[in-house]
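*Asks:*
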Amino acid sequence: MHELSQGGKLNEKESIELIARMISETKSRFEVGDGNILLSWGILTATIATVVWAAVAATGNPAFNGLWALMAFGWFFNRRLAVKQSSRGCLSYTDKLCAAIWKSVGILGAAGVVVCAILHLTTGNSPWLVMFFYALYVVGFGIIGSGAALKVRSMVAGGILSVAFGMVLLGCIFSGVKLSMTWVMPCFIHCFVLMMIIPGLEMRRLARKGNERA
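In our numbering, the protein residues as written are 56 to 269.
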């Protein structure tokens with residue numbers, strides 16, 4: 056790049072090497088970055104879900120569902136990733152595509168929280184189950200899109216399973232089958248393990264392996 060800034064020219068071999076290096080750096084950067092963000096969100100979600108499940112099951116008090124508000128701490132993960140991306144300078148098409156996907160997921164999540172809060176205050180009823188389906192459907196489709204862009208099959212597979220589980224739950228609701236936390240929450244937790252934690256670990260492993268070979 057220094058030669059180009061000085062008005063120099065690259066021959067064919069040097070051009071190919073430069074392109075290959077840029078592709079390799081972008082791929083490695085995303086494997087590490089997205090692997091970390093996936094792990095962070097996956098662990099946070101699975102942990103909170105486990106705590107809520109255990110607390111409600113032990114006490115029978117649905118007020119413990121308020122612990123889901125701790126998901127707001129995920130903002131720090133996104134903020135840290137945004138700072139890292141801004142420090143890189145130029146972003147690739149894949150960078151921008153994934154950023155657009157998760158920006159949309161975040162906006163929908165914030166809108167869902169506002170709508171549920173307004174309905175809860177005005178009607179006295181609890182509409183918060185909507186956010187449960189948001190996590191399965193919207194986040195699931197976000198994972199599928201990002202996995203397709205990054206060519207990570209485990210992400211795509213995990214996202215598909217999450218959406219499929221959401222469809223099963225809707226089918227149960229419309230069929231009059233009672234949903235029980237005894238089986239719903241463990242399945243929900245497994246969905247996030249499959250679509251975030253396992254792909255995140257895989258991406259970090261591949262990135263480290265690639266860096267060792269470099």
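Every residue, glycine too, gets a C-beta built ideally from N, C-alpha and C.
Considering only the beta carbon of each residue, do Leu-250 and Gly-179 sit closer than 8 angstroms?
*Replies:* Locating residue 250 in the sequence shown gives position 195, where the first residue counts as 1. Locating residue 179 in the sequence shown gives position 124, where the first residue counts as 1. Per the sequence presented here, residue 250 reads as Met, with Leu not at that position. No, the pair does not count as a contact, with Cβ atoms beyond the cut-off.
*Asks:* I want to know whether the stretch 101 to 113 touches the stretch 230 to 250 - three or more CB-CB distances under 8 angstroms.
*Replies:* Because the criterion of three Cβ pairs below 8 angstroms is met, the stretch 101 to 113 and the stretch 230 to 250 touch.
*Asks:* The alpha helix (DSSP H) spanning Ser-230 covers which residue range?
*Replies:* Here residue 230 corresponds to residue number 175 of the sequence shown, with the count starting at 1. Element bounds for Ser-230: 208 to 230.
*Asks:* Can the beta-carbon of Gly-197 be found less than 8 angstroms from the beta-carbon of Pro-254?
*Replies:* As a position in the sequence shown, residue 197 is number 142, starting the count at 1. As a position in the sequence shown, residue 254 is number 199, starting the count at 1. Taking 8 angstroms as the Cβ cut-off, Gly-197 and Pro-254 do not qualify as a contacting pair.
*Asks:* Note down, in chain order, each residue of its chain lying with its Cβ closer than 8 angstroms to the Cβ of Asn-120, except the 5 sequence neighbours on either side.
*Replies:* Here residue 120 refers to the residue found at position 65 when the sequence shown is read from its first residue. If we look at Asn-120 and ignore the five residues flanking it on each side, its Cβ neighbours are Val-107, Val-111 and Trp-183.
*Asks:* How long is the line joining the alpha carbons of Val-193 and Lys-264, rounded to whole angstroms?
*Replies:* If you number the sequence shown from 1, residue 193 lands on position 138. If you number the sequence shown from 1, residue 264 lands on position 209. Straight-line Cα distance between these residues: approximately 32 angstroms.
*Asks:* How close, in whole Å, do the beta carbons of Phe-188 and Gly-161 come, if the pair is a contact with beta carbons under 8 angstroms?
*Replies:* Your numbering for residue 188 matches position 133 in the sequence shown. Your numbering for residue 161 matches position 106 in the sequence shown. Not quite, the Cβ-Cβ distance comes to about 17 angstroms (not below 8 angstroms), so this is no contact.
*Asks:* CA-CA distance, Ser-181 and Val-138?
*Replies:* The residue you call residue 181 lines up with position 126 of the sequence shown. The residue you call residue 138 lines up with position 83 of the sequence shown. Looking at the two C-alpha atoms, the distance is approximately 37 angstroms.
*Asks:* Assuming the contact rule is C-beta atoms closer than 8 angstroms, Ile-244 and Thr-105 should be a hit. Round their C-beta distance to whole Å, please.
*Replies:* Here residue 244 refers to the residue found at position 189 when the sequence shown is read from its first residue. Here residue 105 refers to the residue found at position 50 when the sequence shown is read from its first residue. The pair is a contact, with the Cβ atoms about 6 angstroms apart (cut-off 8 angstroms).
*Asks:* Cutting at 7 angstroms between CB atoms, please list the residues of its own chain near Val-223, excluding the five before and the five after it.
*Replies:* By 1-based counting over the sequence shown, the position of residue 223 is 168. No residues qualify anywhere along the chain.
*Asks:* Mind the definition here: the stretch 147 to 157 touches the stretch 198 to 212 only if three or more C-beta pairs lie below 8 angstroms; say whether that holds.
*Replies:* Counting Cβ pairs under 8 angstroms, three or more are found: they touch.
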